[in-house]
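Engineer: Please find one structure pasted underneath; my questions will follow.
2 protein chains.
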Amino acid sequence: MTTQELATAFAALCKAGQFEEAGKQHWSDDIVSCEPMTGDMARLQGRAAVDAKGAWWYANHEIHSVKTEGPYVHGDQFILRFQMDVTPKGGARMQMDEMGVYSVAGGKIVEERFFFGG
Amino acid sequence: MTTQELATAFAALCKAGQFEEAGKQHWSDDIVSCEPMTGDMARLQGRAAVDAKGAWWYANHEIHSVKTEGPYVHGDQFILRFQMDVTPKGGARMQMDEMGVYSVAGGKIVEERFFFGG
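These protein sequences, in sequence, are chains X and Z.
Residue numbering for the first sequence follows the working numbering, starting at 15 and increasing by one per position.
Residue numbering for the second sequence follows the working numbering, starting at 15 and increasing by one per position.
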């Protein structure tokens, strides 16, 4: 599977709202996930740790909608844009706009790195 | 100047259509520019070479409009999205959708890497 093929398949699952299935099918077991913040969640490694972050996210946010755009491909990397309409638990509804940069090796996603819009 | 400040200033110039001024102010003299293709223009290094690519682009495309979105920031990198309405010389008018990933060091952009959308 080329990076373009993987990117297209991963994006299709995200566009269908199947984010967990996308990770299940296409992450390396050693997946590294980097968020633009400090603290415990800034860099996580391994499927168990990244799955736990996902579980935390879903438990603490009500997700009204997600729009996924892409993929945008260059070499062994691709980008997806996510526009999310969410309400954090106990917080105010907000619009999030972020980019995910995915690095591919051996036909699997080995790193995801998120960039936040202003 | 932090990466967030540089990203905001660079994006503001792009949004105003001042792409050449953006590079002039914020590129390192050793700027590396990477396109998702093979051949001579796949990787260029140095302000003179990258300026020449820009000159080639402007000489060979009629640019009807460019919409810039961003910046999206993570650490020492940021992303801009460009949606372009262009007519290549002798070709058909087309819509281009791409992402630029910019890497910053010492307060300057040291690399720009473009990702093409489907």
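Backbone N, C-alpha and C fix where the C-beta goes; we use that ideal spot for every residue, glycine too.
Please list the partners that E126/Z has in chain X, where partner means a Cβ-to-Cβ separation under 8 Å.
Structural biologist: Taking the second sequence and counting its residues from 1, the one referred to as residue 126/Z is at position 112. Around E126/Z, no beta-carbon contact reaches into chain X at under 8 Å, the shortest distance being about 11 Å.
Engineer: What residues of chain Z sit near F92/X, judged by a beta carbon separation below 9 Å?
Structural biologist: Position 78 of the first sequence, counting from 1, holds the residue named residue 92/X. Neighbours of F92/X on chain Z, chain order: F129.
Engineer: Quick check: Q59/X and V46/X, are their CB atoms within less than 7 Å of each other?
Structural biologist: Taking the first residue of the first sequence as position 1, residue 59/X is located at position 45. Taking the first residue of the first sequence as position 1, residue 46/X is located at position 32. Contact: yes.
Engineer: Touch check for the region 58-78 of chain X and the region 23-38 of chain Z: three-plus C-beta pairs under 8 Å?
Structural biologist: Short answer: they don't touch.
Engineer: Just confirm the distance between the C-beta atoms of D111/Z and G89/Z, as a whole number of angstroms; I'd bet it's less than 8 Å.
Structural biologist: Here residue 111/Z refers to the residue found at position 97 when the second sequence is read from its first residue. Here residue 89/Z refers to the residue found at position 75 when the second sequence is read from its first residue. That pair is no contact at about 25 Å.
Engineer: Hey, is the region 95-113 of chain X in contact with the region 118-129 of chain Z, meaning 3+ C-beta pairs nearer than 8 Å?
Structural biologist: no
Engineer: Can you tell me where the alpha helix (DSSP H) holding T82/Z begins and where it ends?
Structural biologist: Mapped onto the second sequence, residue 82/Z falls at position 68. Here T82/Z belongs to no alpha helix (DSSP H); instead the beta strand (DSSP E) covers H75 to H88.
Engineer: Is the CB of Y116/X under 7 Å away from at least one CB in chain Z?
Structural biologist: What you label residue 116/X is simply residue 102 of the first sequence in a count that begins at 1. So no, Y116/X is outside the interface.
Engineer: Run through chain X and tell me which residues come within less than 7 Å of Y86/Z, C-beta to C-beta.
Structural biologist: Translated into the one-based positions of the second sequence, residue 86/Z becomes position 72. What Y86/Z touches in chain X: E112, M113, F129, F130 and G131.
Engineer: Please tell me whether P102/X has its Cβ less than 7 Å away from any Cβ of chain Z.
Structural biologist: Against the first sequence, residue 102/X aligns to sequence position 88. It does not: the Cβ of P102/X has no partner Cβ on chain Z nearer than 7 Å.
Engineer: Which chain X residues are close to G53/Z, counting only those with a beta carbon under 7 Å from its beta carbon?
Structural biologist: Within the second sequence, the letter at position 39 stands for residue 53/Z. Within chain X, no residue comes near G53/Z; the closest Cβ sits about 14 Å away, beyond 7 Å.
Engineer: Tell me the start and end of each unbroken beta strand (DSSP E) in the region 33-82 of chain Z that is at least 3 residues and wholly inside, in chain order.
Structural biologist: 41-48 and 57-59
Engineer: State the DSSP-derived secondary structure class of T16/Z, mapped to helix, strand or coil.
Structural biologist: As a first step, residue 16/Z is located in the second sequence; it is residue number 2 there, counting from the start. DSSP places T16/Z in coil when its eight states are reduced to three.
Engineer: Given that a residue counts as buried once 16 or more other Cβ atoms are within 10 Å of its Cβ, and exposed if not, what is G120/X?
Structural biologist: Residue 120/X sits at position 106 when you count from the first residue of the first sequence. When all chains shown are included, G120/X counts as exposed.
Engineer: Can A36/Z and L27/Z be called in contact, C-beta distance under 7 Å?
Structural biologist: The count along the second sequence starts at 1 and reaches residue 36/Z at position 22. The count along the second sequence starts at 1 and reaches residue 27/Z at position 13. Contact: yes.
Engineer: Report the neighbours of G89/Z on chain X: residues whose CB is nearer than 7 Å to its CB, in chain order.
Structural biologist: The count along the second sequence starts at 1 and reaches residue 89/Z at position 75. Chain X residues near G89/Z: P50.
Engineer: Only counting the same chain, and skipping five residues up and downstream in sequence, which positions put a Cβ closer than 7 Å to that of K122/Z?
Structural biologist: Position 108 of the second sequence holds residue 122/Z. Cβ neighbours of K122/Z beyond the five flanking positions: H40, W41 and S42.
Engineer: Per the DSSP calculation, T101/Z is bridged to which residue(s)?
Structural biologist: To locate residue 101/Z, count along the second sequence from 1; it is residue 87. The partner list for T101/Z (beta bridge, DSSP) reads E76/Z.
Engineer: My guess is that Y86/X and M113/Z are in contact by the Cβ rule of under 8 Å, so how many angstroms apart are they, rounded?
Structural biologist: Mapped onto the first sequence, residue 86/X falls at position 72. Mapped onto the second sequence, residue 113/Z falls at position 99. About 5 Å; that satisfies the 8 Å criterion.
Engineer: Rounded to whole angstroms, how far is the Cβ of T16/Z from the Cβ of F92/Z, which I believe are closer than 8 Å?
Structural biologist: On the second sequence, residue 16/Z is found 2 positions in, with the first residue counted as 1. On the second sequence, residue 92/Z is found 78 positions in, with the first residue counted as 1. So it is not a contact: roughly 11 Å between Cβ atoms.
Engineer: A26/X by DSSP, collapsed to three states: which one?
Structural biologist: Taking the first sequence and counting its residues from 1, the one referred to as residue 26/X is at position 12. Correct three-state label for A26/X: helix.
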